[in-house]
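Numbering (my numbering), first residue to last: 3 to 1082.
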């Protein structure tokens, strides 16, 4: 030991010399100060520590005890990055705060067993300002919160090399030991003594050695610290550790006072009990005279009959349920949180909370309390529990009592240790929305709303006896095992997450920078792996408690979330997929009770990991309601195109075909109306047909109103109604597992609404708004995709393969063929052949022209959508009678007018869907804008290059109707055609198309002067003054607001006006050519 300390001292001198001669400066300074109210012993401790810390800056007393955040400013003023603050309470108790300024963390201790150097007259000549050796117990590496404390001790008590006023040698040792959850601190001087002698009296050989030895002498101060709280920030931020076993000195003093008064209270209670018994037996006297002439034997007789009846019936009960009664563990029914946390290693939220764990709730009586029935219950059931009753009657009665699930409590799983997954840099302002405050705020809301018991422990048995469903039944969380994790994840995936527990902080920060972007979107920390194991274990215990009947339903307040984690890859804030692991464990452990499982994922993001894990599983039905945005919303399209995403067309594969249902909204902004419609039209009918044994809700609350990341508007009342509907399935066996949700107010209020519904409260009244039209179309598409697999989805859906076997054609092709025949018979119009690579019926009559088109001096080119259909459908038979269907085509009037005015006419039909040979989809969605633009671009440019451009006329008028008017924009931008076009008329109900060219700067001005764009009266551009002002700019043309709504109504109402404008443009066109007949 002497050689060790001498080498350390020598090394320290060399380093000090080099630091003195070099440019290295001390970057560690400690601000030491106390609050007002410290005693003289506390002041001596403050002085002792100040003398031992040459890098410390002692300051005057701090006045405020409630605004400790001001210490950060004070430390910055004195250029200190560590704070050691002593807080005195009631002139007796001393609390110590240690903080790393300005980012944290902060640890609060309770200081006890204080002995200062002055108080015990410790001897020693330890020089002021010398550097110490810090010796730590190996137990500091066993728990994460001890590691944080060790780091703070090193920064506070470790005198840095080259510190100002420090001595260039080491002459004392500070020891830090852990025992009984407390930290014991001792200070020893390193002193030289004469070399010790051997046991036989001979001196030790001194060849090559000195004649002195090193000895440690305690010089003080010494004290004991009890860790209370660790905050993520500096004197603030989320609480990442809390000592639930700590009992405050105030509570101890109050208990002592109550114990002194308990003796008197006991005598009073005994006196009241005697009076009550005398009153029941009729022995209560009035003064010295009896209240009754004789003893009232009615009560005694009633008790005797009841006891006899109970004794006779117990013979059958003991015989029929011997094994069940012997297996009960009544002592574990109610356990204080302090004992449970020691047994499970669990840190609870408050010292008053209680854990109600491990008791088989099915063994409770009809009251759900685990106690014997009272006399009234026994007397009322005497006819059942009679000696002549058959055992089967008794067993049936017991079974009826056991299946009353409504009397079981709702479970709640929560563990403070899951908050340890956080930023690796201890930043007080987290850079990530998935931070520890999420579960903290939810559980705090549970306590604030009275859903979790927080009262005195002595009252809990009585409350649970009277009303077992009044509070949530606490389910302890545990770390999941490797075998459980590998039921849903690869061993390589587990090994990668496990390795996070061993790498350095710098590597963790590097990994966070690498993964916290794009599709991965993941941040890591040193405690991410233990927190992820607890999250999975909490989900497992929650689901098992519901399946086995410990509770009727349960809510797991867990993090990190899980539904994005793939089989072999963590992503999207998720490390392990909690729900699939829990389901696989329940299916494995309880195959008879948990075979078919429904997962309802209402997180605003698609649960890609959960979908892919169960994509081929026939026993797990996965339903996800999420924002899809054509694959642009997170998690987006997977890198492998063969991997399914959140599109509604992905329904499973293999044996799992039909067991995957994606309800992907077209955009954000969905609310109560859309979600309730999804439940009523899709979720509940399919769920009832599936008839699951267990329902698990992946409850992400990022679709809640107020969550900026999700951008939707689902209210807590809507979450309550959805939960209530799901509780009608699987005998009410519903397990809720927290996923996303990043607005603390929204997530806590929504979680409370769900928890209240689980506990039996009716959902609040809900006023449903109108459903979004595009959302309604999405639900219709989902129904069409799921119709082949579910009977409840088939009404109103056509079986396309069966219909095609009857030589059926799509109606839009039939209508276009009929239009060709009508226009051929009336106006002599013929189809114009267009050479295409793709062969389709939709192209056969797409372009119809008048015979004299090539010689016409005036040409009207009409680009329009297919005609509008109005029909009254027979929903039950999925048939449409011809006499209940109407075809509305406003274009025919314009064609007839144009032919009458000697126009050559080119009629271009732009179908919303092009019929293919393999046409098997029941519901075919319309083309999106990109696909329509590609189709129109190839068509209109082909017609211009091969026909219109070659004609001699310069009086071509374009008429655009509906979405097909996009062709006008495409032609103007891609071809130099202004000289041959006399005017443009458009009828628009959808998107307005700006006409602007990077090549031709005058195109927008020309379009403004030579166009007339009629816009529907209910168009969105008229609802906002800014949009109204914007659409009157040059690039949108001459916009006219129509009083009508709908294309056909607008074309009819503005027909005369449009005709006059077209004739005026053609007649006054200065560039128009004249024929020989027109010459004088």
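Even glycine gets a Cβ: it sits at the ideal position worked out from N, Cα and C.
Just list the residues that DSSP pairs residue 217 with in beta bridges. According to DSSP, residue 217 bridges with 193.
Inspect the CB distances between the stretch 229–246 and the stretch 532–546 and report whether three or more fall short of 8 Å. Contact between the stretch 229–246 and the stretch 532–546 is absent: fewer than 3 CB-CB pairs across the two stretches fall below 8 Å.
Based on the DSSP secondary-structure assignment, which residues constitute the bridge partners of residue 229? According to DSSP, residue 229 bridges with 111.
Taking DSSP as the reference, what is the three-state secondary structure of residue 763? Looking at residue 763 - three-state DSSP - the assignment turns out to be coil, as it is neither helix nor strand.
Environment of residue 725 [buried if 16+ CB atoms lie within 10 Å]: By the 10 Å Cβ count, residue 725 comes out buried.
Whole angstroms are fine: how far does the CA of residue 538 sit from the CA of residue 486? One C-alpha to the other measures close to 9 Å.
Look up residue 1016 in the DSSP assignment and give the residues it is bridged to. BP columns for residue 1016 point to 989 and 1042.
For residue 452, which of 668, 761 and 786 has the nearest alpha-carbon? For residue 452, the nearest C-alpha among the options comes from 761.
Contact set for residue 973: own chain, Cβ-Cβ below 8 Å, skip 5 residues either direction: Non-local C-beta neighbours of residue 973 in its own chain, meaning closer than 8 Å and more than five positions away in sequence, comprise 942, 943, 946, 960 and 979, ordered along the chain.
With DSSP run on the structure shown, which of helix, strand or coil describes residue 470? DSSP places residue 470 in coil when its eight states are reduced to three.
Buried or exposed: residue 140, going by 16 or more other Cβ atoms within 10 Å of its Cβ? Burial call: exposed.
Using the Cα positions of residue 232 and residue 109, report the straight-line distance between them to the nearest angstrom. Roughly 5 Å separates the two Cα atoms.
Here's the rule: buried if 16 or more other CB atoms are within 10 angstroms of the residue's CB, otherwise exposed. What is residue 58? Residue 58 is buried by the Cβ-count criterion.
Answer yes or no: do residue 219 and residue 250 have a C-beta to C-beta separation smaller than 9 Å? Between residue 219 and residue 250, the CB-CB gap reaches or exceeds 9 Å.
Check residue 502 in the structure and name its three-state DSSP category. Residue 502: coil per DSSP, three-state reduction.
My understanding is that residue 892 touches residue 1049, with C-beta atoms under 8 Å, so please give their C-beta distance in whole angstroms. Right, their Cβ atoms sit about 6 Å apart.
Cβ neighbour criterion (16 or more within 10 Å) applied to residue 872: Its Cβ having fewer than 16 others within 10 Å, residue 872 is exposed.
Any 3 or more C-beta pairs closer than 8 Å across the stretch 587–605 and the stretch 504–513: Contact fails: fewer than three Cβ-Cβ distances are below 8 Å.
Report yes or no: do the stretch 692–704 and the stretch 601–616 share at least 3 C-beta pairs separated by less than 8 Å? Remark: three or more beta-carbon pairs, one from each stretch, lie closer than 8 Å, so the stretch 692–704 and the stretch 601–616 are flagged as touching.
Within the same chain, show all residues whose beta-carbon is closer than 6 Å to that of residue 179, passing over the 5 residues directly before and after it, in chain order. Non-local C-beta neighbours of residue 179 in its own chain, meaning closer than 6 Å and more than five positions away in sequence, comprise 139 and 186, ordered along the chain.
Is it the case that the stretch 799–810 contacts the stretch 863–870, given that we only count it when at least three CB pairs across the two stretches are under 8 Å? Contact between the stretch 863–870 and the stretch 799–810 is absent, because fewer than three Cβ pairs lie under 8 Å.
Find out if the Cβ-Cβ distance for the pair residue 161, residue 134 is shorter than 9 Å. The answer is yes: Cβ separation under 9 Å.
What separation, rounded to the nearest whole angstrom, lies between the Cα atoms of residue 542 and residue 407? So the alpha carbons of these two residues sit roughly 21 Å apart.
Just to confirm, are residue 1042 and residue 1068 a CB contact at a threshold of 9 Å? Cβ atoms of residue 1042 and residue 1068: not closer than 9 Å.
Rounded to a whole number of angstroms, what is the C-alpha to C-alpha distance between residue 632 and residue 147? When the Cα atoms are used, residue 632 and residue 147 turn out to be separated by approximately 45 Å.
Buried or exposed: where does residue 516 fall if 16 or more other Cβ atoms within 10 Å of its Cβ makes it buried? Exposed, because fewer than 16 other Cβ atoms sit within 10 Å of the Cβ of residue 516.
Use the C-beta contact count for residue 151: other C-beta atoms within 10 angstroms, 16 or more gives buried, fewer gives exposed. Result: buried.
Okay, do the stretch 554–565 and the stretch 733–748 touch, 3+ Cβ pairs below 8 Å being the bar? Three or more pairs of CB atoms, one per stretch, sit closer than 8 Å, so the stretch 554–565 contacts the stretch 733–748.
On the three-state DSSP scale, how would you describe residue 239? Here residue 239 sits in coil by DSSP.
Let's test the definition: count the other Cβ atoms within 10 Å of the Cβ of residue 643 and tell me whether it reaches 16, buried, or not, exposed. Counting Cβ neighbours within 10 Å, residue 643 comes out exposed, since fewer than 16 surround it.
Per DSSP, residue 908 is paired with what? Per DSSP, 851 and 863.
Selected residue, minimal CA-CA separation from residue 778, among 727, 454, 850 and 682: Per the Cα distances, 682.
Residue 578 in three-state terms, based on DSSP: Per DSSP, reduced to three states, the secondary structure at residue 578 is coil, with no helix or strand assignment.
Restricting to Cα atoms, I'd like to know which of 984, 666 and 786 is closest to residue 634. Per the Cα distances, 666.
Taking all protein chains shown into account, do 16 or more other C-beta atoms lie within 10 angstroms of the C-beta of residue 709, making it buried, or fewer, making it exposed? Here residue 709 is buried: its Cβ has 16 or more other Cβ atoms, across all protein chains shown, within 10 Å.
Proximity below 9 Å, CB of residue 563 to CB of residue 691: No, the pair does not count as a contact, with Cβ atoms beyond the cut-off.
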